[in-house]
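Take the sequence shown: its position 686, counted from the start at 1, is 686 in UniProt numbering, and no numbers get skipped.
From the three backbone atoms N, C-alpha and C, an ideal C-beta is built for every residue, glycine too.
Shown next, in structure tokens, is the structure this report addresses.
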Amino acid sequence: LHAGRIYKCLFTGSVSSLLTLPLDILSTENLLADCLQGCFVVTCTLCAFISLVWLREQIVHGGAPQWLEQNQQQPLNGVGQQNEAQAVVNGGVENAVLDQPANPAAENVVVGENPDIQEEQVDEEEEDNEDEEDAVVEDAADANNGAQDDMNWNALEWDRAAEELTWERMLGLDGSLVFLEHVFWVVSLNTLFILVFAFCPYHIGHFSIVGLGFEEYVQASHFEGLITTIVGYVLLAVTLIVCHGLAALVKFQRSRRLLGVCYIVVKVSLLVVVEIGVFPLICGWWLDICSLEMFDATLKDRELSFQSAPGTTMFLHWLVGMVYVFYFASFILLLREVLRPGVLWFLRNLNDPDFNPVQEMIHLPIYRHLRRFILSVIVFGSIVLLMLWLPIRIIKYLLPNFLPYNVMLYSDAPVSELSLELLLLQVVLPALLEQGHTRQWLKGLVRAWTVTAGYLLDLHSYLLGDQEENENNANQQPNNQHARNNNAIPVVGEGLHAAHQAILQQGGPVGFQPYRRPLKFPLRIFLLIVFMCITLLIASLICLTLPVFAGRWLMSFWTGTAKIHELYTAACGLYVCWLTIRAVTVLVAWMPQGRRVIFQKVKEWSLMIMKTLIVAILLAGVVPLLLGLLFELVIVAPLRVPLDQTPLFYPWQDWALGVLHAKIIAAITLMGPQWWLKTVIEQVGKNCPRELSV
């Protein structure tokens, strides 16, 4: 509540709100809304502090950038030489002390005759040696006191021992009043977070936008606060790097390092926003723009939807872009499993244990991140043009009546939209997503295409590698790796920072394997790219037409000529296509076993399918229908229908709701203790459908 009202007070923009802040905190108006807003602010505070601590660990363990450390190398070397000289002096003194008793027998005699005198002599010698050591240390310390004070201070390397904190102590349940201190610190840190990370950047950006005259354009975006804050952070980053350069010129080491660390924090934050927020949003909007003709929409329609609900529109486009980026990255990982290591050298390997995107954000300069961002936008945008916009144009030319897809929110068919959504979410999508065969089929298709393209263009060695050469070089690789490891000269003191710098500045790709380079190699690579584009175009045409056509044809037997949302027809057609491909692959796997074995397998599967249908009718048909009717009679009808009226029942909707109730009951039962119903459900899940006792 305090965090929410302090946030509202600071961003109100009036002095009166600051003066009435104590009264506003104690006010009872809008408690729920302010509490929810305060919870969001506190969550952002915790995430920000956790991110800062994690980023500090990354900088400490991975090393700071070279431009942040280069000015400290010379003073550090001087201090090291003086420390070495001091160690030599101290070592000489210690050696002199240790070498004095050269005659052990005489020493024993002296100790035996008069041990008190010997102990006094030893004590005097130790005191003299300690005085000499202290004098040497004090001289060295006085000579380098100023330099060490400047150089030993590190804005990152500070730690403070904390007391063990428990929930009882934090909430004051142990009888102490420490929780009041915790409340004070939480409120103070939230206020500090709002001031430093929200208030100051927002007003810096606001003053800059107003001064440049871009206020109208920012207000038209419907995200004035977010854009203004990002602009403020950008200007803050520029100011920090300029101040860092000035501090380096005037030899202010503490200020220089502190400004550099602050710049790294702002830089990494902005890069994370660009990578996770801006880039998927661009991809989502580009996908929507390229698919307008597929849904018979225009840019004006998208503009109206954005004007009516800007937040929802942006979130949906960001979500679509994230899904596109995720599946693109998954496909690249699948390609790496098939292709020769080194073919995709221009793409980052997400499975590489040495790949650390945060370290790249810390060490690489801004222009390289900007260049990488532009190249990524070009590549992803070109793929969308190739696999979405161009196939849509071809489909409209070859099949004029096939498009557009019907994506209306409500259907005029006598089928409940709720029932179709439940069928889609509870039956179709889980059955498709839980199958691992799809990935294996896709991997097999990629391998077959790669082999075909390799032999057609004589690029088999380039795409897949030479197995004979790999086998011959299998024993040489460890030796070469051992030789490279022996030749590497570690630098003392750099640690993981040197390793990250070596990874970032290496010349060749990781895991590179040699290949045979045929004649006219650039021409063959160009033909390979053309062949790949044609293949992607054909695959996109098949994916956009075949499932929807099959789904429309199957759904027409059920709904007639009524139009249905294409999401359901596409899901139905995709499921049927998957079942067909699965049946074909099973038959192909049975073919070498002979006709008799195939007939035996068909007989077994037919019997199993009959058992499954019987059980499915009971478990997925009768039981959900009875549950839905029970819910309708006991809960819905008494609340909705008056006593003097007769309720109307819709068996289809009752069955759909019964499916949902059955899944909820099964999930709660499986989460509960062990009893007979849980045992039965577990047995059905494990034994179905092969070992059904029907």
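- For Pro518, the closest of Gly594, Gly454, Val623, Leu36 by C-alpha to C-alpha distance is Gly454.
- For Val218, the secondary structure class from DSSP, reduced to helix, strand or coil, is helix.
- The C-alpha of Leu370 lies about 11 Å from the C-alpha of Glu275.
- Its chain contains Glu293, Met294, Asp296, Ile392, Ile395, Lys396 as the residues whose beta carbon lies nearer than 8 Å to that of Leu403, once the 5 sequence neighbours on both sides are disregarded; these appear in chain order.
- Collapsing the DSSP output to three states places Lys520 in coil.
- The Cβ-Cβ distance between Met322 and Pro280 falls below 7 Å.
- Between Cys283 and Tyr324, the C-beta spacing is below 7 Å.
- Contact check for Leu1 and Asp34: beta-carbon distance about 6 Å, within the 8 Å limit, so the pair qualifies.
- For Ala583, the number of other beta carbons within 10 angstroms of its own is below 16, and it is reported as exposed.
- Cβ-Cβ distances below 7 Å link Ala666 to Ile681 in the same chain, with the five nearest sequence neighbours on each side left out; the list follows chain order.
- Straight-line measurement puts the Cα of His437 at about 24 Å from the Cα of Leu463.
- Non-local C-beta neighbours of His661 in its own chain, meaning closer than 8 Å and more than five positions away in sequence, comprise Pro624, Leu627, Gly628, Phe631, ordered along the chain.
- In the structure shown, Glu303 falls within a helical segment according to DSSP collapsed to helix, strand and coil.
- By the C-beta density criterion, Tyr367 is exposed, having fewer than 16 other C-beta atoms within 10 angstroms.
- For Ser27, no alpha helix (DSSP H) encloses it, and the DSSP letter there is neither H nor E.
- Proximity of the region 348-361 to the region 249-258 falls short of the contact definition, fewer than three beta-carbon pairs being nearer than 8 Å.
- When secondary structure is reduced to three states using DSSP, Asp654 falls in the helix class.
- In the three-state reduction of the DSSP assignment, Gly465 falls in the coil class, being assigned neither a helical nor a strand state.
- Between Leu541 and Leu386, the C-beta spacing is not below 7 Å.
- Listed in chain order, the alpha helix (DSSP H) elements of length 4 or more contained wholly in the region 334-373 are 357-363.
- The criterion of a C-beta distance shorter than 7 Å is satisfied by Glu566 and Tyr405.
- With contacts defined by Cβ atoms closer than 7 Å, Leu457 and Arg516 do not form a contacting pair.
- Under the 8 Å Cβ criterion, the region 567-576 counts as touching the region 544-557, having at least three qualifying pairs.
- Within the model, the alpha-carbon separation for Met555 versus Ala198 is close to 53 Å.
- With fewer than 16 other Cβ atoms inside 10 Å of its own Cβ, Asn401 counts as exposed.
- Assigned with DSSP and collapsed to three states, Leu1 falls in coil, not helix or strand.
- Between the C-alpha atoms of Ile564 and Trp558 there is a straight-line separation of about 11 Å.
- Around the beta-carbon of Phe193, 16 or more other beta-carbon atoms lie within 10 Å, marking it buried.
- Look at the beta carbons and you see the region 197-213 touching the region 222-236: at least three pairs across the two are nearer than 8 Å.
- Its chain contains Trp318 as the residues whose beta carbon lies nearer than 8 Å to that of Gly277, once the 5 sequence neighbours on both sides are disregarded; these appear in chain order.
- Across the set Thr43, Val53, Gly4, Val186, the C-alpha of Gly4 shows the shortest separation from the C-alpha of Asn30.
- A distance below 7 Å separates the beta carbons of Val218 and Ile227.
- Rounded to whole angstroms, Gly444 and Asp352 show a C-alpha spacing of 23 Å.
- Judged by beta-carbon spacing, Leu236 lies within the 7 Å limit of Val266, meaning their Cβ atoms are closer than that value.
- A check of alpha carbon separations from Leu68 across Tyr202, Leu32, His244 identifies His244 as the nearest.
- Residues of the same chain with a CB within less than 7 Å of the CB of Arg447, apart from the 5 flanking positions on each side, are Val338 in chain order.
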